[in-house]
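In order, the protein sequence lines correspond to chains G and E.
For the first sequence, the numbering used here begins at 29 and goes up steadily by one.
For the second sequence, the numbering used here begins at 1109 and goes up steadily by one.
Input: a single structure, listed below in structure tokens.
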Amino acid sequence: MASVEAQASGSGQREPNHGMRIFIISLVLGVIFDALFWFLLSPHMPPGTMTSAAASEQFDINVLAAIAIPVMIFIFVYFGYALTVWRRRPGDDTDGPALHGNARVQTTWITVTSAIVLFLAGFGTYELIVPQGAGAGEGPAPIWTPPGAKLTVAQQIAPWTPGQVLVIQVIGQQWKFSYRYPQFGGFETSALVIPDHTWVQFDVTSIDVIHSFWAYQLGVKADANPGVDNVAFAKTDQLGKITVRCDELCGLWHGAMFDYGKVVPVSEFQSWASSSRVELASITKLLPPYATTYNPTVIPLFRLGPVVKKLGLFGAGGGYYPPQDPQQP
Amino acid sequence: MAIETEPGTLQHPGGGEPTGAKDTRAWWQRPAIHTGVLGAVIGYLVGYYLGRAISANYQQISTSDAHDIAIVLGFLFLVIGWLVGLGVFNDLLRHMAGRPMPDTEKTNGDAAGVARYFRVTLDHKVVGIQYLIGMIIYFCTAGLLAMGIRTELLSPVHHVFSSSTYIELVGEHGTMMMMLMTSVILGPFGNYLIPLMIGSKRVAFPRVEALSFWLTPAAFLILLAAIPLGGFHMGWTGYPTLSVQDTSGADAYAFAFGLMGISMVLAGFNILVTVICYRAPGMRWSRLPMFVWGILGTSVMMTLAAPILSGGMYMLLTDRTVQTAFFTDNLGGSTYLFQNLFWFFGHPEVYILALPGFGIVNEILPVFTRKPLFAYKVAAAGMVGVALLSFFVWQHHLFDSGINPNMRPLFMLTTEMISIPTGFIFLVGMGTLWKAKIRFSVPMLFALALFFNFLIGGVSGVFVSDTGADTTEHGSFFVMAHFHYTIMGGLIFAFMGGCYYWLPKMMGIKLNEKLGKWHFWLMFLAFNSTFLPLFAVGWLGQPRRVFEYALRLQGLNDWVSISSYVLGFSILLFVINFVWSTVVTRDRETGNPWDARGLEWQVPSPPPVHNFEHIPVVLSGPYEYGDPDAPPVADLNPPVGVLVGALASAETEESEA
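Okay, here's the thing in structure tokens:
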């Protein structure tokens, strides 16, 4: 483009090769900033490397940033150069060159942007499938699963031994999360405790409105829909504290819907789980039997269940319809 | 057959020659905004009474104060009463009764009065100004709500508002902004300038156009009515089941948003037909100004996407009132249904918010670089490409929702593909700057700022389109910063640029240049200082719409809040400049201050009532700067008999009919 233009402008002195200048400036700056980013910043990018999912997300963000930095630098350099060099000189009221386009520049631009985009789509697909869904909720029938994923209730309530996939049912309600461990008798607790070096399967559901389970350090995010089992996977690699926040507006106290969990060594987890199982046994038997979704209106109180339900003596039902409604289907 | 004179009837707004008497009543006897308000009040009371009467026997309603049916019927009759009071249906009823049509205002002598801005009018230029003022008012209201949000976020532990008030502010801010942004450029500039740019004396459907504007005050006041009704607490996305369970304010949300959807369809459809059918002879598709291309793409998206919004909101209303169960999982409905409907509208919508901005900068750049637009066809292809692709990306909002995991690679691909046509706009902008003679007037500054902001917004969009990276970014402040960069940094900067560029045309008044530069620099710096840190805030784990956050993020949040006040002040500077220049100093500008080639600049400013004395014949494209051999853009006074083609055949059909 530059050489074509140099002829067209027809000015007396030799026109500098603007395109080459811009290219070299942005190349140098791009390499410098990419190196700075990759060696200084990228190990600290969110969400860390506590799990396989988190690590793959961090890698995605780093790769995207490493591509974005030179692209942005090129455009900023171009604009900076253009606004400096090609500003109107005082007293110059003439028009610029009548340049309507340049087939080579246009073709190059379209080819390069298309190539970047297609690469990113391929990269993103690979990074979605290989790390088992990259920590995102995959719905009730996950298709990218780790070996030994437990997708039926029968598999989920079989006792856990170290090395197996640990199933944790995450139950959202206004405005807290509770966690149910079906492999340990189905006790329900507000503490999120996870063993190290273990594949964890989160079965996220809700009993009222839509929440979203965001375990930041685990790199897991899955919407909690009432009546839906939303499954997400992550393999823990490090010990540490987890921050859990609700990520979908769920009413007045959405902003206060957070708690903390931890990743502990396997032996510590086992002793915690078995002691919790014993401690909570009296409450566990009052809970609805474990199912992939959580329906609090199922009450296992001998034959009193239907009576209690008839009287409306249960908590949030997840539905809008009170029992006395004439149109109850 | 060659025609001797131009067809009068063909270009007369309203379709036929006015045959009735002139309207000589005093202003307060003619239908205008005051009769509209009267009609609205009466309508609301009638509707509310009806709703009470209909629903009184339902036990659930008689034992609670849940009177959603009455409220929704009240709103419905309010809108009807408002439109009846404004006189929207008068011509229709006259036509049905076979009575002669009244003389329109254009030929009525009072075409210059201020009163016409408070009436339903057939003049697209009046509608454009109405839209402009309306949109600025809505924008400032919604902006003040944002200041409220940022005030609450000054501290993670001390609260200014209750949790309920805070969520109401968030929802009102989001919904109002999303409603007004759809029309913030298409409404004022699209309606005002499209006929001028394509060489037409009128728009295709002036009554539809007027209706599209007069629905917006109703929609915005109903949305604000949510606050006395208890507010709505589900944000602008309004996901069930929360929105089904919410207080009566959610009725106002759903009704107002659905009503705005209708306004969008009407506005888009009118412009679509105008651009296709009302171009002057010689205004080929290859000579269409890029702003018209942008608005054309926007209109296509509006016409096709907004009905989905209105439909979804209608279903939400019936779920809330007459207890259908579209969105209740355990009764056969699905909350995913609403998410799909909403985002099938919602994603074309965010490109509805991008294309007009691209159009404006492509219009401004050639004028202030004194060069032709680089790669015209690529720019047009970019507009059309974005408009088409926007319908195939919506599920990227649902990457974590548990819906269709096997579709995620596809939606990732389509989403990332949108950056190809968006990149065209950058190619065009950068090519136009090549060896230019750049003049840094205020409109040019805003146009250049759009490229800066939209680059950040667009690149961050690639981060959220990647499903893996999105797991961390979804629903966090990262996404919030991303779309503020594209909407505020793109659309609003373009809107401001458009104001400085076209107000001399629309009002015959130039805004103060010095104050304009202050406004620009303050707004540009404050905007980036407000939203750039929010990317980091989101990456560090702060979800959207929270009023409590991690203590370690307080520094960043405080920085953002203080910057947002400066940003608010810069908008205030704009309002001051606007009022000062248009009301106080009134610095007259009748010619072509930017020395632009656009067809709209070839007529006096402000344009005469009928835009063009004769239908112009367009001779060349609007961007032929730097080409001394280029013919003038149009022949405004074509010799008699030259208009042979389309007009002549139309005339023949007319006379035969």
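Positions of the beta carbon are idealized from the N, C-alpha and C atoms, including for glycine.
Three-state secondary structure (DSSP) of residue i
i: E1732(E); result: coil
i: Y1347(E); result: coil
i: Y244(G); result: coil
i: A1742(E); result: strand
i: Y1444(E); result: helix
i: G1807(E); result: A query on residue 1807(E) cannot be resolved here, the shown segment of chain E reaching from 1109 to 1765 and no further.
i: T1540(E); result: helix
i: I1679(E); result: helix
i: A260(G); result: strand
i: G1206(E); result: coil
i: R208(G); result: strand
i: G1189(E); result: helix
i: H1504(E); result: helix
i: E1708(E); result: helix
i: I1546(E); result: strand
Own chain partners of residue i with C-beta closer than 7 Å, once the 5 adjacent residues on each side are dropped
i: F61(G); result: I97 and I101
i: R1516(E); result: F1507 and T1575
i: C278(G); result: Q202, W203, V237, I238, H239 and M285
i: V1492(E); result: G1405
i: V1570(E); result: E1524 and S1527
8 Å Cβ shell around residue i - same chain, five flanking residues per side excluded
i: M1588(E); result: L1642, G1646 and R1652
i: L1727(E); result: G1390, P1739, P1740, V1741, A1742 and D1743
Start-to-end residues for the beta strand (DSSP E) that takes in residue i
i: P223(G); result: L220 to P223
i: G200(G); result: L194 to Q201
i: I270(G); result: G268 to C274
i: K290(G); result: F286 to V292
i: W227(G); result: W227 to S234
Where residue i falls, given that 16 or more other Cβ within 10 Å makes a residue buried
i: P1348(E); result: buried
i: T1579(E); result: buried
i: T226(G); result: buried
i: A1483(E); result: buried
i: F67(G); result: exposed
i: F1321(E); result: buried
i: N1745(E); result: exposed
i: T1283(E); result: buried
i: E1213(E); result: Note that E1213(E) scores a pLDDT of 49, beneath 50, so its modelled location is shaky and nothing firm can be said.
i: K313(G); result: exposed
i: P1716(E); result: exposed
i: W1344(E); result: buried
i: P1747(E); result: exposed
Cut-off 6 Å between Cβ atoms - residues of its own chain near residue i, not counting five sequence neighbours on either side
i: A1254(E); result: H1281
i: I157(G); result: W172
i: P44(G); result: none
i: A1634(E); result: S1671, V1674, L1675 and S1678
i: G1182(E); result: Y1152, G1155 and Y1156
i: A1364(E); result: A1327, I1330 and L1331
i: G1147(E); result: G1189, W1190, V1192 and G1193
i: F1226(E); result: A1140 and I1141
i: R1160(E); result: A1178
Residue i, enclosing alpha helix (DSSP H) - first and last residue
i: T1406(E); result: M1398 to R1428
i: K1233(E); result: H1232 to E1260
i: F104(G); result: S80 to V113
i: T321(G); result: Looking at the DSSP string, T321(G) is not in any alpha helix (DSSP H), and its letter there is neither H nor E.
i: K1613(E); result: F1601 to M1614
i: F1226(E); result: No alpha helix (DSSP H) holds F1226(E); DSSP gives it neither H nor E.
i: Q184(G); result: V181 to I185
i: T217(G); result: Unbroken run through T217(G) is the beta strand (DSSP E), F215 to T217; no alpha helix (DSSP H).
Handout entry: the stretch 1434-1443 of chain E / the stretch 1268-1280 of chain E touching (three or more Cβ pairs under 8 Å)
Key = no
Practice task
Indicate whether the contact test is met: 3 or more Cβ pairs, each with one atom in the stretch 1512-1531 of chain E and one in the stretch 1467-1484 of chain E, closer than 8 Å.
Solution key: no
Handout entry: Stretch-stretch touch, CB-based, cutoff 8 Å, three pairs: the stretch 1709-1722 of chain E with the stretch 1459-1467 of chain E
Key = no
Handout entry: Any 3 or more C-beta pairs closer than 8 Å across the stretch 1601-1615 of chain E and the stretch 124-137 of chain G
Key = no
Handout entry: Cβ pair count under 8 Å reaching 3, the stretch 1384-1403 of chain E against the stretch 1420-1428 of chain E
Key = no
Problem - Three-pair Cβ contact test at 8 Å for the stretch 258-265 of chain G versus the stretch 148-166 of chain G - result: yes
Practice task
Taking 8 Å as the threshold, find out whether the stretch 1406-1423 of chain E comes into contact with the stretch 1249-1263 of chain E through three or more Cβ pairs.
Solution key: no
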